[in-house]
Structures are given as C-alpha cells and as structure tokens.
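Working notes, beginning with the structure itself.
There are 2 protein chains.
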Amino acid sequence: MGYVQCNLVILSQAHAFDFLLYCQRNPKACPVLEVTDPGSAEPRRIAPGADLRTDLARYTVWRDGRREPDRTDLHELWRDDLVAFLIGSGITFDQALERAGVPTDKDRWVLNTSLPTESAGRFAGPLVVTMRWLTPEQAIIATQVSARFPFNHGAPVHIGDPKAIGADLTRPLFGPPVEQVPANRIAVFWACGVTPQAAAEAAALDLLIAHAPAHSFVSDLLADRFCTP
Amino acid sequence: MGYVQCNLVILSQAHAFDFLLYCQRNPKACPVLEVTDPGSAEPRRIAPGADLRTDLARYTVWRDGRREPDRTDLHELWRDDLVAFLIGSGITFDQALERAGVPTDKDRWVLNTSLPTESAGRFAGPLVVTMRWLTPEQAIIATQVSARFPFNHGAPVHIGDPKAIGADLTRPLFGPPVEQVPANRIAVFWACGVTPQAAAEAAALDLLIAHAPAHSFVSDLLADRFCTP
Numbered sequence: 087m088g089y090v091q092c093n094l095v096i097l098s099q100a101h102a103f104d105f106l107l108y109c110q111r112n113p114k115a116c117p118v119l120e121v122t123d124p125g126s127a128e129p130r131r132i133a134p135g136a137d138l139r140t141d142l143a144r145y146t147v148w149r150d151g152r153r154e155p156d157r158t159d160l161h162e163l164w165r166d167d168l169v170a171f172l173i174g175s176g177i178t179f180d181q182a183l184e185r186a187g188v189p190t191d192k193d194r195w196v197l198n199t200s201l202p203t204e205s206a207g208r209f210a211g212p213l214v215v216t217m218r219w220l221t222p223e224q225a226i227i228a229t230q231v232s233a234r235f236p237f238n239h240g241a242p243v244h245i246g247d248p249k250a251i252g253a254d255l256t257r258p259l260f261g262p263p264v265e266q267v268p269a270n271r272i273a274v275f276w277a278c279g280v281t282p283q284a285a286a287e288a289a290a291l292d293l294l295i296a297h298a299p300a301h302s303f304v305s306d307l308l309a310d311r312f313c314t315p
Numbered sequence: 087m088g089y090v091q092c093n094l095v096i097l098s099q100a101h102a103f104d105f106l107l108y109c110q111r112n113p114k115a116c117p118v119l120e121v122t123d124p125g126s127a128e129p130r131r132i133a134p135g136a137d138l139r140t141d142l143a144r145y146t147v148w149r150d151g152r153r154e155p156d157r158t159d160l161h162e163l164w165r166d167d168l169v170a171f172l173i174g175s176g177i178t179f180d181q182a183l184e185r186a187g188v189p190t191d192k193d194r195w196v197l198n199t200s201l202p203t204e205s206a207g208r209f210a211g212p213l214v215v216t217m218r219w220l221t222p223e224q225a226i227i228a229t230q231v232s233a234r235f236p237f238n239h240g241a242p243v244h245i246g247d248p249k250a251i252g253a254d255l256t257r258p259l260f261g262p263p264v265e266q267v268p269a270n271r272i273a274v275f276w277a278c279g280v281t282p283q284a285a286a287e288a289a290a291l292d293l294l295i296a297h298a299p300a301h302s303f304v305s306d307l308l309a310d311r312f313c314t315p
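One line per chain: the protein sequences are A and B, in this order.
87 is the number of the first residue of the first sequence in the working numbering; add one for each residue after it.
87 is the number of the first residue of the second sequence in the working numbering; add one for each residue after it.
The structure is reproduced here in structure tokens:
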C-alpha cells in the first residue's frame, strides 16, 4: 500500500512501436511508466537493479495467442529482442483512497465494456474498467483523489449506470458475478490496466508475457510522489 | 489564448519508435498529445479535419541535419512514411496564468541547460527550458497553476539560481541575452517543447520537419479541458 504498482506487458521489438502508440492513444487505460531497451530486463528508471524476469511473483504467457502454464521465472523465455512495458495501476492510489475514508478492500470488479479503444497497428479492443460500489459521498471523494494520479489511470471514466458503457456485470474478468448495483451505492468506473494486456492478447503475437492477475510489479517509489497537487 | 497549442515534429516511420520512446522517457519536456498514422497528415484526435501540411503558418526543414529554407506548405515534401507528433506546449496555460494575475507577455526566454535528458536510440541531448522572471508571489501562483496542466509541461522543473541547472543566459535560443536576474524577481524554469525538436535536429535524420519558432499548431480544444483539478 502506498507504493507505485505496475502492470507488466512484454513483447518483441517488432511490435513495440505499435504497442507504445496504442498506449499513447489510450492514456487513461495505458499510462506507460517505463519501456525497457530491447533485451534489457531492468526497469532502470522506476526500479534500478530490479530484474523483470524474476521480481514478479507470477507471469502469464501466450504463444501465438494460446495461453501456456503460468511461470515464476522468465529466464528460459528471455530473448534479446524483448521489450518490457511497465504500465500504471489503479492500486497505486488505494492508500490515498483509504486515507480519505474510501474502503478499497472489497466490492471491486474488472469488467469488459462496449466502449472501443483507439487502435494502433494490430492492437485494438474494448476498454476494460475497474468498478467499485461506493456511497455517493465516497464516489465524490474517490473522484477527487484519483484525479490526482493521472499516471495511474486518474479520474473515473464513468459513474452510475453500468449499461451506459456496456459494462458486463454477468461475466466479470475479476470478481464474482453480480446482478445489480445495491440501492444505496453508486457504481464508479475507472479505466483499467487490463485493457492493454487484453489488446496484446487479442493480437495473437508470437510471444506475449504479462503479470498474472494480482501479481503486478511493486516498486519502491512512493505513490504520493507520482501525483499532482 | 486559452486553446491547446502544440509543437510539431515530423520524421520518418523508421525513427518513430525511438522518438516516441524518447518522448515517453522525458514526459515533462515531451508530452505527446497525438501521433498520426504513417502518411496521414490529419491529427484526427486533437483536430479532426485539420491538415498538418498547411495548417501551421511556417515550417522549419532539415535534411541530413542541415537546415533548409522555411516553408509554408509541406505538400512537396510529404511522403507515405512520414509520422507527425503533436507535443504539448506551455503556451497552453498562458491564459490560466493571466487569469491568476501572472503576466505572460514579456520577460520570457528559451534556454539550453546542462541537464541531460534520457536518451532513446539516436535521440539525446540537454533539457531545454522556458524561463520567466516573476515576483515571489507570482512564482508560487504560477507553480500551482501550471501543475494543473501535466500534458503541457506541467509544474516547473527548477526555481531560483539559473547556474544550478546550467541555464545559459548569455545565449538564449529565444529572447535577448540577459546578464542577471533582477533583484526583485525570481527565475522560474519549465521544461520546454524545444527539447524534443533539438534532440531530433541533433540526430541528423534524412528528413525532419518542425513548426517554426512561434508558429505552433493551435487547436480548437479548450486548454481548461486538458487540465487536472
């Protein structure tokens, strides 16, 4: 809690420009914090000395679009043409939300929507969102607090009716199925770092590696140093 | 005044990844607002319908690192592999500064510094800054106001002694030479959009096109829609 957390996407240099462009065109979902040089597994700006092949607890791997068993070490897969992208995560502002009285430990889902992202090359797909149920007062506070973290998804992209953005409550990507939003709560939706990972997965690249869900990269950078006033 | 203004850099697709990466690594100096698809001169996100070959008043052109005469139309030079980058400009927040009582029409310089930027591929070079002389009260207000525009250089990178960042007052890139900061003023320094243009110029590309100084791209987007709370 309180440290900058990052989603990880690793792909080959041949696809790196299109993927970086995809992120640039969808900055709320894909705030790029660092791109390593080809073949380098060290994120020397965010975490000098770290090794992205071993320093996450679990990795998901796809070859030609097919998922393989998860791994805990990437040395066997590593190649000189691989480029790693560290992308901001909304978990980064959990502590700031807690400090402001907004609970972060429950009632949270990752959902597909019907909103398209801006494509770049072969990367395209729907916006994926994180939904929380909050009281109206918490929703207003959470909007203000998260807006101060523009490099970790920032302010919500939607508030209120899930149907307005085609959010699929019946089949969450993360969290149990839900029937409807409780009467005394309002749904708040943030752009989610699963968006770029899903776009990369759909592109069926020769090799794609990402952090496994809930096993993102935790840096030593204080989240409060990455926010605006 | 009050509209999003953009610096323009145009180069070939072969160099586009390294240049986009250079911008990503130096976000305060190089906040990328849009990258066009190769061969397209329409910035369809920032200004749908605009034509970047004609809609700036003057362009500077370099071939193999040598400057050619300025142009007012790029049709003759246009190629299918050219990619245009629109980069945020500090002029975007001039109106917000004026509204807060900070004058923006004088005492402003563009200076080289001895601070290095993070390199990417062949793109490297010093940080270029915009310096203004302000009263201490104005300096504090200007820091708060500009911090609300993270996609247009944001908060200052330095305040006070020009020597601390190696700012060369004797040879400004823009503005008359100056001897020293007046006693009742404090120098405030912002990362400047000339930084990526200078890095691209130093890379001596086969073809490089940029807006001519003081002839940047003015969009119809309200600056206040691009700022944080």
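Built from N, CA and C at the ideal position, the CB exists for glycine as well.
Evaluate contact between the region 210–217 of chain B and the region 264–283 of chain B, counting only Cβ atoms and requiring at least three cross-stretch pairs below 8 Å. yes
Can you find a C-beta in chain A that's less than 9 Å from the C-beta of Arg-185(B)? no
Would DSSP call Pro-212(A) helix, strand or coil? strand
DSSP three-state call for Pro-155(B): helix, strand or coil? strand
Nonlocal neighbours in the same chain, by C-beta distance under 7 Å from Val-196(B), ignoring five residues either side: Val-214, Thr-216, Pro-258, Leu-259, Phe-260, Gly-261, Cys-278, Val-280
With a cut-off of 9 Å, does the C-beta of Leu-213(B) fall near any C-beta of chain A? no
Candidates Trp-148(A), Gly-252(A), Pro-242(A), Val-274(A), of which the one nearest Asn-198(A) by Cα: Gly-252(A)
From which residue to which residue does the beta strand (DSSP E) around Pro-282(B) run? Careful: Pro-282(B) lies outside any beta strand (DSSP E), inside the alpha helix (DSSP H) at 280–288.
Using DSSP with H/G/I as helix, E/B as strand and the rest coil, what is Phe-171(A)? strand
Option in Glu-223(A), Arg-130(A), Gln-224(A) with minimal Cα separation from Leu-170(A): The question names Leu, but residue 170(A) is Ala in the sequence shown. Comparing Cα-Cα distances from Ala-170(A) to each of Glu-223(A), Arg-130(A), Gln-224(A), the minimum goes to Arg-130(A).
Taking only beta-carbon positions, decide if Glu-120(A) is within less than 9 Å of chain B. yes
If you draw a straight line from the alpha carbon of Ile-132(A) to that of Leu-138(A), how long is it in whole angstroms? 11 Å
For a contact meaning CB atoms closer than 9 Å, what does Phe-303(B) contact in chain D? Included in the structure are the protein chains A and B, with no chain D among them.
Along chain A, which residues have their Cβ under 8 Å away from the Cβ of Thr-190(B)? Here the premise fails: no neighbours, minimum Cβ distance about 21 Å.
Any contact between the region 299–307 of chain A and the region 228–248 of chain A? By contact I mean 3 or more CB pairs, one from each, below 8 Å. no
Using a Cβ-Cβ cutoff of less than 6 Å, which residues in the same chain neighbour Ala-288(B) once the five nearest sequence positions on both sides are dropped? Gly-211
In chain A, which residues lie less than 9 Å from Pro-236(B) when you measure between Cβ atoms? Pro-236, Phe-237, Thr-314
For the region 113–129 of chain A against the region 170–187 of chain A, do three or more pairs of beta-carbon atoms, one drawn from each stretch, fall closer than 8 Å, so that the two count as touching? yes
Residues of its chain near Gly-246(A), where Cβ-Cβ distance is below 7 Å and the 5 sequence neighbours each way are ignored: Ile-272, Ala-273
For Gly-246(B) and chain A, any beta-carbon pair shorter than 9 Å? no
Is there a Cβ from chain B that is less than 9 Å from the Cβ of Glu-204(A)? yes
Closest Cβ-Cβ distance between Ala-170(B) and chain A: below 9 Å? no
Quick one: which residues of the region 277–303 of chain A get their C-beta closer than 9 Å to a C-beta of chain B? List them in chain order. none
Determine, using beta carbons only, whether Phe-103(B) comes closer than 9 Å to chain A. yes
In chain order, what are the residue ranges of uninterrupted alpha helix (DSSP H) at least 4 long that sit wholly in the region 225–298 of chain A? 280–288
Tell me which same chain residues have a C-beta within less than 7 Å of the C-beta of Leu-183(B), skipping the five on either side of it? Thr-190, Ala-228, Val-231
Do Asp-292(A) and Arg-208(A) have their C-beta atoms closer together than 9 Å? no
Against chain A, does Leu-138(B) count as a neighbour if the rule is that its beta carbon must be under 9 Å from one of theirs? no
Run through the DSSP bridge pairs and tell me what Tyr-108(A) is partnered with. The partner list for Tyr-108(A) (beta bridge, DSSP) is empty, contrary to what the question assumes.
Whose CA, out of Pro-124(A), Pro-263(A), Val-188(A), Leu-106(A), lies closest to the CA of Pro-222(A)? Val-188(A)
For the beta strand (DSSP E) that contains Asp-149(B), what are its first and last residues? Reading the sequence as shown, one finds Arg at residue 149(B) and not Asp. First-last of the beta strand (DSSP E) with Arg-149(B): 145–149.
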